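Asker: Take a look at this one; I'll ask things after.
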Amino acid sequence: MQKMNKPVTLGVDLGGTKVNVALVDRSGRVLFAHKSLIHASKEPERVIADIQTAIDICHSKTGKEAEALGFGVAAQVNRKGVVCGSQNLGWRNVPLKKKLEKELGLPVAVTNDVNAATWGEWRFGAGRGVNDLAVLFVGTGVGGGIITGGKLLSGCSNSGGELGHITIVYDGRKCHCPNRGCWEAYVGGWAIAERAQEAVRTAPEEGQRLVSLAGSVEKVTAATVSRAYREDSLLARRLVEETGRYLAAGVVSIVNVFNPCVLVLGGGVIEGIPELIQIVKDIVPTMALEASVEELEIVKASLGADAGVIGAAALAQDLVE
Ligand SMILES: [Zn+2]
């Protein structure tokens with residue numbers, strides 16, 4: 001296969017069950033993407049074989065060959081590209097970078113999926129051109145990244161920027177981590193579902209619409225809240241307003257600490273209830289330090305579900321520059 005003049009790179013976004021592999025050009029444009037389920041065993045060798053197949057498809061469909069590969073994985077990754085642990089994949093101490101470089105014969109960068117998506121929004125999305133940036137993804141869980149002085153904050157053991165686990169309520173709701181009162185335990189999709197189910201149990205009459213949309217109390221999810229909100233359910237409205245206040249509480253801490261120029265909000269919960277952005281925009285200037293919000297812009301993420309592959313491919317670009 002002929003190498004083209006304009007180099008392209010591959011981005012991989014690996015979650016607990018799915019993988020998205022894309023060939024991306026220098027301007028962050030996805031030339032071709034291949035999404036698939038990973039092998040049910042989730043064994044690293046099998047998953048790498050699935051990815052190899054997807055890469056071959058990307059190459060043959062575009063007639064272009066990548067010069068490097070960037071990999072975002074739902075896991076804790078150290079600086080050497082070793083997956084230290086992943087609950088979603090059941091991996092421990094997998095030297096992913098080394099394995100991939102050997103298999104593919106390409107330079108490889110490995111990071112966690114949220115860092116990759118943050119990188120994507122920074123390089124090619126809503127945070128483009130800014131040196132001080134906070135990116136927050138509110139999905140089932142809450143993750144994000146901080147870019148400060150033009151560098152992605154990584155911390156001592158490469159686990160910095162775990163924004164979802166800042167404490168916003170002392171001794172508050174139990175989180176999935178060892179702590180209580182984490183931000184994620186209020187605004188993450190799973191937490192919105194829990195809060196909604198509790199609200200329905202406390203006020204069954206008010207909650208009727210949510211239950212009929214979901215089928216039963218146990219099936220009420222954040223998506224149910226979003227649908228009921230569109231139908232003007234009072235309970236859903238209250239839940240959304242409360243969620244907005246919790247969201248704003250965490251954003252206030254982030255802007256006070258990091259003083260970003262731009263704060264990007266994305267993820268499934270924000271996509272489902274974009275009105276949350278306005279609630280945050282209304283509250284934050286009234287609660288944050290004046291100097292912290294002087295030049296702050298709060299914007300919606302712009303790359304959607306492709307942020308991960310675009311960011312991973314952008315990381316790979318830096319390997320061949
Ligand atoms: Zn937590």
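Sequential numbering of the sequence shown, starting at 1, is according to the numbering used here. Think of the CB as a built atom: it goes at the ideal place given N, C-alpha and C, for glycine as much as any other residue. Here the structure is a predicted model, which means the values were calculated and not measured.
1. Less than 7 Å separating the Cβ of E184 from some heavy atom of ligand 1?
2. Any heavy atom of ligand 1 within a distance shorter than 7 Å of the CB on H59?
3. Determine contact between the segment 278-291 and the segment 27-38, defined as no fewer than three beta-carbon pairs at a distance below 8 Å.
4. Please name the residue, chosen from K80, D113 and L106, that lies closest to N88 on a Cα-to-Cα basis.
5. Only counting runs of 4 or more residues, tell me where the alpha helix (DSSP H) segments fall wholly within the segment 38-113, in order along the chain.
6. Whole angstroms are fine: how far does the CA of T9 sit from the CA of R26?
7. If you draw a straight line from the alpha carbon of W91 to that of T111, how long is it in whole angstroms?
8. May I ask you to report which of helix, strand or coil DSSP gives E297?
9. Between the C-alpha atoms of V24 and A305, what's the straight-line distance to the nearest angstrom?
10. Which residues mark the beginning and the end of the beta strand (DSSP E) in which T367 is found?
11. What do you reckon, is the C-beta of N259 under 7 Å from a heavy atom of ligand 1?
12. What do you reckon, are the CB atoms on L14 and G72 nearer than 8 Å?
13. Counting only the same chain and skipping the five closest in sequence on each side, list residues whose C-beta sits under 8 Å from that of K300.
14. Quickly, what does DSSP pair S36 with across the bridge? List them, please.
15. Could you compute how far the alpha carbon of T140 sits from the alpha carbon of E45?
16. Got a sec? Which residues, its chain only, sit under 7 Å from F137 by beta carbon, not counting five neighbours each side?
17. Indicate the three-state DSSP secondary structure (helix, strand or coil) for L136 in the structure shown.
18. Sorted by chain position, which residues of the same chain lie with C-beta nearer than 7 Å to Y170's C-beta, five sequence neighbours on each side aside?
19. When you measure from the CB of N326 to every non-hydrogen atom of ligand 1, does any distance come out below 7 Å?
20. Figure out for me which residue from T224, V135, H165 and V30 has the closest Cα to the Cα of L152.
21. If we ignore side chains and look at the alpha-carbon of each, how far apart do E101 and Q52 end up?
22. Should A236 and A228 be called a contact, given that it needs their Cβ atoms to be closer than 8 Å?
23. Ignore the nearest five residues each way along the sequence and tell me which others in G155's own chain have a CB closer than 8 Å to its CB.
24. Output needed for K3: all residues of its chain with C-beta closer than 7 Å, excluding positions within five of it in sequence on either side, in chain order.
25. For ligand 1, I want to know if L34 counts as a neighbour, meaning its beta carbon is within less than 7 Å of at least one of the ligand's heavy atoms.
26. Can you confirm whether the segment 68-83 touches the segment 309-319 when touching is taken to mean that 3 or more C-beta pairs between the two stretches lie within less than 8 Å?
27. Could you check which residue in A40, D50 and L31 has the C-alpha nearest to that of K61?
28. DSSP three-state call for L153: helix, strand or coil?
29. With A22 and V309 assumed to form a contact (beta carbons below 8 Å), what rounded beta-carbon distance in angstroms separates them?
30. Determine the burial state of A222: buried for a count of at least 16 other Cβ atoms within 10 Å of its Cβ, exposed for fewer.
31. Could you name the residues of the same chain whose beta carbon sits closer than 8 Å to that of Q197, not counting the 5 residues immediately before and after it, in chain order?
32. Please state whether DSSP places G272 in a helix, a strand or coil.
33. Can you give me the start and stop residues for the alpha helix (DSSP H) that I192 sits inside?
34. Using the C-alpha atoms, what's the distance from A203 back to A214?
Answerer: Inspection of the coordinates gives the following:
1. One-based indexing of the sequence shown puts residue 184 at position 184. At least one heavy atom of ligand 1 is nearer than 7 Å to the Cβ of E184, so yes.
2. Here residue 59 corresponds to residue number 59 of the sequence shown, with the count starting at 1. Because no heavy atom of ligand 1 lies under 7 Å away, the Cβ of H59 does not count as near it: no.
3. Output reads no: the segment 27-38 does not touch the segment 278-291.
4. Working through the sequence shown from its first residue, we reach residue 88 at position 88. For the residues K80, D113 and L106, the minimum Cα distance to N88 belongs to D113.
5. Taking 4 residues as the minimum length, the alpha helix (DSSP H) runs contained wholly in the segment 38-113 are 44-62 and 96-104, in order along the chain.
6. Locating residue 26 in the sequence shown gives position 26, counting from the first residue. Locating residue 9 in the sequence shown gives position 9, counting from the first residue. About 8 Å.
7. In the sequence shown, counting from the first residue as 1, residue 91 sits at position 91. In the sequence shown, counting from the first residue as 1, residue 111 sits at position 111. W91 and T111: Cα-Cα distance of roughly 15 Å.
8. Position 297 of the sequence shown, counted from the first residue, corresponds to residue 297. It is a strand residue.
9. Position 24 of the sequence shown, counted from the first residue, corresponds to residue 24. Position 305 of the sequence shown, counted from the first residue, corresponds to residue 305. When rounded, the distance between both Cα atoms is 14 Å.
10. A query on residue 367 cannot be resolved here, the shown segment of the chain reaching from 1 to 321 and no further.
11. Within the sequence shown, numbered from 1, the residue matching residue 259 stands at position 259. The beta carbon of N259 sits no closer than 7 Å to any heavy atom of ligand 1.
12. The residue given as residue 14 occupies position 14 in the sequence shown. The residue given as residue 72 occupies position 72 in the sequence shown. In this structure, G72 lies closer than 8 Å to L14 by Cβ.
13. Here residue 300 corresponds to residue number 300 of the sequence shown, with the count starting at 1. Closer than 8 Å at the Cβ level, and outside the excluded window around K300, lie A126, V264, L265, G266, I270, P274 and I277.
14. In the sequence shown, counting from the first residue as 1, residue 36 sits at position 36. The partner list for S36 (beta bridge, DSSP) reads V19.
15. Locating residue 140 in the sequence shown gives position 140, counting from the first residue. Locating residue 45 in the sequence shown gives position 45, counting from the first residue. T140 and E45 have their alpha carbons spaced roughly 28 Å apart.
16. Position 137 of the sequence shown, counted from the first residue, corresponds to residue 137. Beyond the five residues adjoining it in sequence on each side, F137 comes within less than 7 Å, by CB distance, of V114, A117, G143, G144, G266 and G267 in the same chain, given in chain order.
17. Taking the first residue of the sequence shown as 1, we reach residue 136 at position 136. Three-state result, L136: strand.
18. As a position in the sequence shown, residue 170 is number 170, starting the count at 1. Result list for Y170: G181, in chain order.
19. Given that the chain is displayed from residue 1 to residue 321, the structure contains no residue 326 and the question cannot be resolved.
20. Against the sequence shown, residue 152 aligns to sequence position 152. Looking at the Cα atoms, V135 is the closest of the given residues.
21. In the sequence shown, counting from the first residue as 1, residue 101 sits at position 101. In the sequence shown, counting from the first residue as 1, residue 52 sits at position 52. Roughly 12 Å separates the two Cα atoms.
22. In the sequence shown, the residue the question calls residue 236 occupies position 236. In the sequence shown, the residue the question calls residue 228 occupies position 228. Yes, Cβ-Cβ distance for A236 and A228 is below 8 Å.
23. If you number the sequence shown from 1, residue 155 lands on position 155. Contacts found: G161.
24. One-based indexing of the sequence shown puts residue 3 at position 3. Unreliable positioning characterises K3 in this predicted model, as indicated by a pLDDT of 48, which lies under 50. The coordinate reading is nonetheless provided below. Cβ neighbours of K3 within its own chain (closer than 7 Å, five residues either side excluded): E65.
25. Translated into the one-based positions of the sequence shown, residue 34 becomes position 34. The question names Leu, but residue 34 is His in the sequence shown. Incorrect: H34 has no Cβ contact closer than 7 Å to ligand 1.
26. Contact holds: three or more Cβ-Cβ distances are below 8 Å.
27. Your numbering for residue 61 matches position 61 in the sequence shown. Per the Cα distances, L31.
28. Position 153 of the sequence shown holds residue 153. In the structure shown, L153 sits in coil (DSSP, three-state: anything other than H, G, I, E or B).
29. Start at 1 with the first residue of the sequence shown, and residue 22 comes out as number 22. Start at 1 with the first residue of the sequence shown, and residue 309 comes out as number 309. Their Cβ separation, rounded to whole angstroms, is 4 Å, which keeps A22 and V309 in contact under 8 Å.
30. Within the sequence shown, numbered from 1, the residue matching residue 222 stands at position 222. That one is buried.
31. Here residue 197 refers to the residue found at position 197 of the sequence shown. Excluding residues within five positions, the ones whose Cβ falls inside 8 Å are V217, E218 and V220.
32. Taking the first residue of the sequence shown as 1, we reach residue 272 at position 272. Under the three-state reduction of DSSP, G272 is assigned to helix.
33. Numbered from its first residue, the sequence shown carries residue 192 at position 192. Run containing I192: G189 to T202, per the alpha helix (DSSP H) assignment.
34. Stepping through the sequence shown from its first residue, residue 214 is reached at position 214. Stepping through the sequence shown from its first residue, residue 203 is reached at position 203. Cα to Cα, A214 sits roughly 16 Å from A203.
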